[in-house]
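Undergrad: Encoded as structure tokens, here's the structure I'll be asking about.
In structure tokens:
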């Protein structure tokens with residue numbers, strides 16, 4: 322009589338669920354890196370695949386956003402950018418905030434958007450949010466290239482532009498934004514499996530948070546001490562200000578503030594992974 326037992330030795334690989342919410346299997350994520358690349362390629366191609374202008378939107382989006390901010394805040398509201406060319410001020414803020422917000426918004430819905438796939442096939446679920454962050458990083462790289470072209474013009478035509486050594490930590494600034502976006506997105510995505518009302522608040526919250534950051538106006542111009550403290554509590558403030566200070570030598574910069582932002586970024590990422598691991602096993606049944 323044939324033995325049909327499913328002893329683990331008959332299988333090339335046995336998938337064992339993690340018993341700890343603190344587990345992060347880096348080796349497993351690395352093993353599925355090809356899937357991450359495929360997912361990134363799919364996302365990049367699908368972003369503007371059915372649009373008339375296609376990839377040109379990568380450039381048009383920051384240009385149109387910068388022009389909008391320039392007209393509203395610089396021309397109409399007459400807000401000063403403290404000796405920094407307004408175009409550089411608004412473009413830098415919009416590009417960095419755009420990367421942060423895209424990481425949050427797309428990561429915050431990945432469990433719900435892919436619940437059908439998760440119920441049919443196994444792969445490390447974190448592959449998808451990580452691929453979202455890297456996909457948006459490609460977009461950020463293209464837009465930073467556009468920023469450098471505009472920056473080059475002002476560098477050679479303006480005497481007020483003085484780049485500094487803070488530029489050396491530019492990769493760290495981008496990594497901090499990625500951590501902030503991924504961590505916040507994982508927290509939101511995990512919580513929405515139980516509290517679905519949060520999915521209706523995330524877009525509004527991110528938009529509101531942009532007004533509590535130096536995207537539209539410099540920190541140095543904020544006279545109200547309470548509002549200034551609220552702005553400085555935003556972990557994106559130090560990153561955006563450091564970016565501007567590194568390229569122009571203008572604005573507000575503090576190593577202490579940057580250290581605070583880095584600590585918040587790591588804490589959010591850790592908390593996000595913690596919450597994600599706690600809901601990963603049962604989220605398909607609750608969505």
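Numbering (this note's numbering), first residue to last: 322 to 608.
Heads up, the beta-carbon is just placed ideally off N, CA and C, and yes, glycines get one too.
Quick check on DSSP: helix, strand or coil for residue 609?
TA: Because the chain in this structure spans residues 322 to 608, residue 609 falls outside the shown range and cannot be described.
Undergrad: As an exercise, report each continuous alpha helix (DSSP H) stretch of at least 4 residues that is fully enclosed by the stretch 350 to 382, in chain order.
TA: The qualifying runs are 354 to 368.
Undergrad: Going by DSSP in three states, residue 564 sits in which element: helix, strand or coil?
TA: The residue given as residue 564 occupies position 243 in the chain shown. Reduced to three states, the DSSP call for residue 564 is helix.
Undergrad: Here's a check: name, in chain order, each residue in its chain whose Cβ is nearer than 6 angstroms to the Cβ of residue 555, leaving out the five neighbours to either side.
TA: Counting from 1 along the chain shown, the entry for residue 555 is found at position 234. For residue 555, where only same-chain residues beyond five positions count, the Cβ hits under 6 angstroms are 533 and 534.
Undergrad: Do you know how far the Cα of residue 441 is from the Cα of residue 401?
TA: Here residue 401 refers to the residue found at position 80 when the chain shown is read from its first residue. Here residue 441 refers to the residue found at position 120 when the chain shown is read from its first residue. About 55 angstroms.
Undergrad: Can you tell which of 399, 370 and 408 has its C-alpha closest to the C-alpha of residue 385?
TA: Taking the first residue of the chain shown as 1, we reach residue 385 at position 64. Among 399, 370 and 408, the Cα nearest to that of residue 385 belongs to 408.
Undergrad: DSSP state of residue 544, grouped into three classes?
TA: On the chain shown, residue 544 is found 223 positions in, with the first residue counted as 1. Residue state, collapsed to three classes: coil.
Undergrad: Buried or exposed: where does residue 456 fall if 16 or more other Cβ atoms within 10 Å of its Cβ makes it buried?
TA: Indexing the chain shown from 1 puts residue 456 at position 135. With 16 or more Cβ atoms within 10 Å of its Cβ, residue 456 is classed as buried.
Undergrad: Taking the straight line between their C-alpha atoms, what separation do you get for residue 393 and residue 355?
TA: The sequence position of residue 393 within the chain shown is 72, counting from 1. The sequence position of residue 355 within the chain shown is 34, counting from 1. Taking the straight line joining both Cα atoms gives about 44 angstroms.
Undergrad: Around the Cβ of residue 474, are there at least 16 other Cβ atoms within 10 angstroms (buried) or fewer (exposed)?
TA: Here residue 474 refers to the residue found at position 153 when the chain shown is read from its first residue. It counts as exposed.
Undergrad: Return the CA-CA distance between residue 492 and residue 462, expressed in angstroms with no decimal places.
TA: Counting from one through the chain shown, the residue named residue 492 turns up at place 171. Counting from one through the chain shown, the residue named residue 462 turns up at place 141. When rounded, the distance between both Cα atoms is 11 angstroms.
Undergrad: Just tell me which of 446, 503 and 480 has its CA closest to the CA of residue 352.
TA: Here residue 352 refers to the residue found at position 31 when the chain shown is read from its first residue. Residue 352 has its Cα closest to that of 446, out of 446, 503 and 480.
Undergrad: Measuring only the C-alpha atoms, how far is residue 575 from residue 558?
TA: Within the chain shown, residue 575 is the residue found at index 254, counting from 1. Within the chain shown, residue 558 is the residue found at index 237, counting from 1. Approximately 11 angstroms, taken between the alpha carbons.
Undergrad: Less than 8 angstroms between C-beta atoms, sequence neighbours within five positions excluded: which residues of the same chain meet that for residue 348?
TA: Here the question's residue 348 lines up with position 27 in the chain shown. Contacts found: none.
Undergrad: Report the residue ranges of all alpha helix (DSSP H) runs contained in full by the stretch 479 to 567; include only those spanning at least 4 residues, in chain order.
TA: Fully enclosed alpha helix (DSSP H) runs of 4 or longer: 491 to 513, 519 to 531 and 546 to 554.
Undergrad: Helix, strand or coil: how does DSSP classify residue 591 here?
TA: Along the chain shown, one-based indexing puts residue 591 at 270. Three-state DSSP puts residue 591 in a helix.
Undergrad: Should residue 390 and residue 411 be called a contact, given that it needs their Cβ atoms to be closer than 7 angstroms?
TA: Along the chain shown, one-based indexing puts residue 390 at 69. Along the chain shown, one-based indexing puts residue 411 at 90. Contact: yes.
Undergrad: In whole angstroms, what separates the C-alpha of residue 590 from that of residue 399?
TA: To locate residue 590, count along the chain shown from 1; it is residue 269. To locate residue 399, count along the chain shown from 1; it is residue 78. The straight-line gap from Cα to Cα measures roughly 38 angstroms.
Undergrad: What residue range is occupied by the uninterrupted alpha helix (DSSP H) comprising residue 399?
TA: Within the chain shown, numbered from 1, the residue matching residue 399 stands at position 78. Note, residue 399: premise wrong, no alpha helix (DSSP H); not H, not E.
Undergrad: Please name the residue, chosen from 464, 486, 435 and 418, that lies closest to residue 571 on a Cα-to-Cα basis.
TA: As a first step, residue 571 must be located in the chain shown, where it is residue number 250. If we check each option's Cα against that of residue 571, 486 comes out closest.
Undergrad: Could you check the C-alpha separation between residue 524 and residue 452 for me, to the nearest Å?
TA: Counting from one through the chain shown, the residue named residue 524 turns up at place 203. Counting from one through the chain shown, the residue named residue 452 turns up at place 131. So the alpha carbons of these two residues sit roughly 21 angstroms apart.
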